[in-house]
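Numbering (our numbering), first residue to last: 98 to 465.
Quick reminder that beta carbons are idealized off the backbone N, C-alpha and C, glycines included.
Notes follow once the structure below has been shown.
Here you go:
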């Protein structure tokens with residue numbers, strides 16, 4: 098006999114693009130045996146970080162242990178300020194808050210990942226239960242701890258063969274007859290935003306800078322030779338790796354911002370399609386037509402989407418589908434609500450087929 102539980106909850110997501118805290122309020126109904134989920138996004142907002150917090154988060158990986166410990170807790174109270182205002186303005190009474198935190202270190206090969214934002218402090222400052230630290234148990238079981246997105250792809254957005262998330266880092270999910278494969282493909286908005294800032298903009302609006310440039314073959318070749326692209330999946334990227342191994346190549350190359358941006362777009366598309374083709378070959382995943390859902394901030398980059406669609410049509414007979422704007426904006430925050438609800442229901446929310454862990458895990462720490 099199946100049982101059903103209904104939640105109304107907040108999801109919090111702070112991504113590597115540092116554009117702010119994504120906050121959503123969702124209703125979600127989980128049915129067990131078999132697991133099925135119905136849901137609705139009720140309200141979503143991106144609450145911009147102050148300049149002080151943007152700098153602090155960007156610089157934290159190189160700071161002292163004392164600074165790290167302080168920031169871990171202070172960031173919780175800062176999130177609580179933003180969340181409490183959101184709750185007050187929308188007159189909400191959530192059952193729980195699910196928080197991703199902000200990733201500072203991610204080294205699964207060294208058996209650790211670190212997302213700041215202390216769950217106990219966040220629970221105390223908001224007065225609501227908090228579910229957080231979704232990655233750590235998977236990594237303890239020799240997994241990558243990421244991507245987490247396949248839980249949403251499986252339960253919230255069924256019906257596609259591939260899912261591409263264009264956040265600070267791009268990741269792809271493949272649904273192969275119910276088996277989910279997923280991994281990071283290449284740096285995305287982190288690179289685009291960093292290059293746009295060289296021209297005085299926060300980001301490349303509609304991909305206009307990239308569209309005005311041309312590909313720099315020598316730079317593209319140097320980028321493609323990074324060891325990560327030669328690794329087999331499961332695998333995942335770390336923000337520090339991008340800052341140390343990728344951004345310097347873009348910063349030091351003597352081309353125009355437009356040409357470097359154009360190269361970055363093509364490099365992302367090329368690595369993403371190389372990843373998709375690897376999945377198709379390795380998993381013997383053969384169909385006449387494929388469908389791919391694209392979300393994340395990069396989905397608003399019109400030039401990127403144009404190049405993506407052209408390559409999809411020419412090489413794989415792959416239909417690229419963009420959902421409603423609210424899904425593009427808030428898919429990862431909605432995912433947090435799902436992960437939190439699955440954790441409270443003691444159901445797996447991180448899958449070994451994705452991460453390479455010893456088993457599926459029910460990830461997340463709970464604070465009341």
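Cβ-Cβ distances below 6 Å link residue 429 to 110 in the same chain, with the five nearest sequence neighbours on each side left out; the list follows chain order.
Taking 8 Å as the cut-off, the Cβ atoms of residue 265 and residue 279 do not count as close. Scanning its chain for C-beta atoms nearer than 7 Å, with the 5 sequence neighbours on each side dropped, one finds around residue 273 the residues 380 and 382, in chain order. Under the three-state reduction of DSSP output, residue 267 falls in the strand class. Short of 8 Å from the beta carbon of residue 357, and not among the five residues preceding or following it, lie these beta carbons of its own chain, in chain order: 292, 310, 313, 316, 347 and 350. In this structure residue 281 does not touch residue 290 by the C-beta definition: roughly 17 Å separates them, more than the 8 Å allowed. Going by beta carbons, residue 194 and residue 213 fall outside the 8 Å limit.
DSSP places residue 319 within a helical segment (H, G or I) once states are collapsed to three. Membership of residue 331 in any beta strand (DSSP E) is not indicated, and neither H nor E is assigned to it by DSSP. In this chain, the beta strand (DSSP E) harbouring residue 138 covers 133–144. Residue 295 is positioned such that its CB atom lies no closer than 8 Å to that of residue 343.
Within a 10 Å sphere around the beta-carbon of residue 169 sit 16 or more other beta-carbons, which makes this residue buried. In this structure, residue 106 and residue 434 form a Cβ contact; the two beta carbons are roughly 5 Å apart against a cut-off of 8 Å. With contacts defined by Cβ atoms closer than 8 Å, residue 242 and residue 401 do not form a contacting pair. Here residue 301 carries a coil assignment [DSSP, helix/strand/coil]. Taken atom to atom, the span from the alpha-carbon of residue 394 to that of residue 215 is near 26 Å.
In the DSSP annotation of this structure, the continuous segment of the beta strand (DSSP E) that includes residue 278 starts and ends at 276–284. Across the structure, residue 288 and residue 101 are spaced so that their CA atoms are roughly 43 Å apart. Across the set 335, 404 and 333, the C-alpha of 404 shows the shortest separation from the C-alpha of residue 361. Residue 128: member of the beta strand (DSSP E) spanning 118–128, first to last residue.
About 16 Å separates the beta carbon of residue 431 from that of residue 261, a gap too long to meet the 8 Å contact definition. The Cβ atoms of residue 174 and residue 220 lie no closer than 8 Å to each other.
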